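Novice: First the structure, which I've put down as C-alpha cells, then a few questions once you've had a look.
Protein chains: 2
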Amino acid sequence: MTPPNTPENPSDDEASENVRADLSTPAVGRLSLYYRELHRLLDAGQMSTNSRDLAAMVNVSAAVVRRDLSSIGSVGRRGVGYDVASLAQHIGVVLGSGVHWKAVMIGVGYLGNALLRYRGFERLGFSLAAAFDTDPSKINRVVGETRILAMDQLEPVLRDLKPELAILTVPSEQATDVASRIVALGIQGILNFAPTTLRVPSSVAVINVDLASELQQLAFRIQNS
Amino acid sequence: MTPPNTPENPSDDEASENVRADLSTPAVGRLSLYYRELHRLLDAGQMSTNSRDLAAMVNVSAAVVRRDLSSIGSVGRRGVGYDVASLAQHIGVVLGSGVHWKAVMIGVGYLGNALLRYRGFERLGFSLAAAFDTDPSKINRVVGETRILAMDQLEPVLRDLKPELAILTVPSEQATDVASRIVALGIQGILNFAPTTLRVPSSVAVINVDLASELQQLAFRIQNS
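Put into C-alpha cells, the structure is as follows:
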C-alpha cells in the first residue's frame, strides 16, 4: 500500500522513499530498536546522542549504527552526534510510524489476552480495533481497550473496519483456515503466533513468532558457545 | 556448556560437532522449523518426505532446504527423499533437543502467565522449573505445571535448581537489575521479552522478542511491498 503523506515532513518522506527498498530485514529490525531507544531518551529529556551510545543501547557496533543511519540519509555531526528528536522522527517516517495502522486479533486465549493488554503497540501507531474468539463466554468482554467479538462476525466487521494487519493467536489447527478467511477480507499483513506455516498469497506479508523455536535457538547458542 | 553425550547415536553427535560452528542464525531458525514440521509428519504417521514438500511447509525454496540439510550432513536420496524419523532425530541432535534444558521464568504478568501455560516448550525438551514474581498474591500459585515463588527466593532457588535458561517477562525498568542477578547465579541464556536491551557478559546468550518491533517490521513490509 502507499502510506498517507506526512505533510509535516515532505523531505523526510522523499528521502525515505529512495532508501526503503535497500533495507534488509535485519536493518529494519535494528532501526526499530534505535527508534525505541531514541524515544526512551526523549522521555528522559536527552537532546542529543551519538553512534557509540546508540550502539551500546542496541548491542551492535558503532560502525553498524552509522551505516544503518547513513543508509536512511541521517549522518551524525562530528563532535555533536545526532539530534534525538529529529532522528527519532526521521526513523519513524522510514518505518511508517506516522501511519495509523489498524489491526485485529484472532483468538483470545492466554497469549491473545496478554497481547491485548500490551500497551507497546499503541505507542508505535497501531490500534487493536477488534478481537475475535469462538468461546461464547468471552464475547463482548473488553480486554485492554478492545472488545472481543464472535468469530461469525469476522466477515461483516472486517469489511467495515478495513484493518491492514491481523495478529493470529489461534491454535495451530485453526491457523490455516483463519488465515484464508482474513486474507479474503483484505488483510495485508499477519503477525502469526501459531506454530505453523501459513499458506497465503505472496502479496500478504507474514511475520512468524514461534516462541518454542526462539527458546530452541537460544539453547543452540549456549550449546555451541 | 558441553551437551551430554547421546550414546544412542554417537555418529550423529560427531557429525553435528563439525557443522555447528558453520550454522548461521537464520539457518538454525530454519532447522528449528523443519524439526517442528517433521514432528507434525511423524504424528500424522508419514514415513518419508522430500525437500520440495519440506520447503512448502516452511515457505522457503527446495534449494534452501537441501543446502541446510546437507550442511548438517543429511542428503536426501533421489526419488526417495528423506526418512522423516531419522531426519527429525538428526536435526534434534544438532539443535540439542536431546538435552534436557531447565528454565526459570522471571515475572508472571499476563505474558508470563500465557507462556507458563504454553505446552510447546516441553515438547522440545525444556522444563520450566520455577517462576518468580514480586506480587504476594501470586506466590505459591501453580500455573501450568510451574509454581510461582517470591523474588527474594531467587538466589537460593537458582543455586539449588541450576537452570541454564531464563525467560525474562518483567517490565523494562526491572529487566537490567534482574538480568544482573540471574547472570550472577549462572544463567547462560536469556529469552528476553522486556522491550529493552540487556547488558550482560558476552558469554551469556540473549534472544530478544520485542512484540511491538515485530509488528513495526510487518507494517514496514506492507508499506514497501
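Line by line, the protein sequences give chains L and U. Residue numbering for the first sequence follows the UniProt record's numbering, starting at 1 and increasing by one per position. Residue numbering for the second sequence follows the UniProt record's numbering, starting at 1 and increasing by one per position. Backbone N, C-alpha and C fix where the C-beta goes; we use that ideal spot for every residue, glycine too. What you are looking at is a predicted structure, and each value in this text was computed from that prediction instead of being measured.
(1) So is residue 131(U) in contact with chain L if we call contact Cβ pairs under 8 Å?
(2) If I measure Cβ to Cβ from residue 115(U) and keep anything under 7 Å in the same chain, skipping five residues before and after, which residues do I get?
(3) In terms of residue numbering, what span does the beta strand (DSSP E) encompassing residue 191(L) cover?
(4) Are the C-beta of residue 82(U) and some C-beta of chain L separated by less than 8 Å?
(5) Is residue 91(U) close to chain L, meaning its C-beta is less than 8 Å from at least one C-beta of that chain?
(6) Closest Cβ-Cβ distance between residue 171(U) and chain L: below 8 Å?
(7) Determine the extent of the alpha helix (DSSP H) in which residue 43(U) is found, giving its start and end residues.
(8) Cβ of residue 221(U) less than 8 Å from any chain L Cβ?
(9) Grab the span of the beta strand (DSSP E) containing residue 206(U) for me, first residue to last.
(10) Could you tell me which of 150(L), 184(L), 212(L) and 203(L) sits nearest to residue 191(U), measuring between CA atoms?
(11) I'd like to know if residue 134(L) contacts chain U, where contact means its C-beta is closer than 8 Å to some C-beta of that chain.
(12) Please report the distance separating the alpha-carbon of residue 79(L) from that of residue 31(L).
(13) Taking Cβ positions, are residue 183(L) and residue 204(L) nearer each other than 8 Å?
(14) Taking the straight line between their C-alpha atoms, what separation do you get for residue 109(U) and residue 137(U)?
(15) For residue 40(U), which of 25(U), 27(U), 58(U) and 158(U) has the nearest alpha-carbon?
(16) Which residues in chain L sit within 7 Å of residue 207(U), going by Cβ to Cβ distance?
(17) According to the neighbour-count rule (16 or more other Cβ atoms, all chains shown, within 10 Å of its Cβ), is residue 97(U) buried or exposed?
(18) Name, going along the chain, the residues of the UniProt DNA-binding region "H-T-H motif" (33-72) of chain L whose beta-carbon falls closer than 7 Å to a beta-carbon of chain U.
(19) Do you know how far the Cα of residue 157(L) is from the Cα of residue 189(U)?
(20) Can you tell which of 60(U), 50(U) and 64(U) has its C-alpha closest to the C-alpha of residue 77(U)?
(21) Identify the contact partners of residue 115(U) in chain L, using a Cβ-Cβ distance below 9 Å as the criterion.
(22) Can you tell me which of 139(U), 75(U), 84(U) and 145(U) puts its alpha carbon nearest to the alpha carbon of residue 103(U)?
(23) Report yes if the C-beta distance between residue 200(L) and residue 206(L) is below 8 Å; otherwise report no.
Specialist: To lay it out plainly:
(1) So, not an interface residue.
(2) 105, 167 and 169
(3) 189-192
(4) no
(5) no
(6) no
(7) 25-43
(8) yes
(9) Where residue 206(U) is concerned, the enclosing beta strand (DSSP E) stretches over 205-208.
(10) 212(L)
(11) no
(12) Answer to the nearest angstrom: the Cα atoms are 22 Å apart.
(13) yes
(14) 12 Å
(15) 58(U)
(16) 214, 217 and 218
(17) buried
(18) 33, 36, 57, 58 and 59
(19) 43 Å
(20) When each option's Cα is compared against that of residue 77(U), the closest is 50(U).
(21) 110, 111, 114 and 211
(22) Of the candidates 139(U), 75(U), 84(U) and 145(U), the one whose C-alpha sits nearest the C-alpha of residue 103(U) is 145(U).
(23) yes
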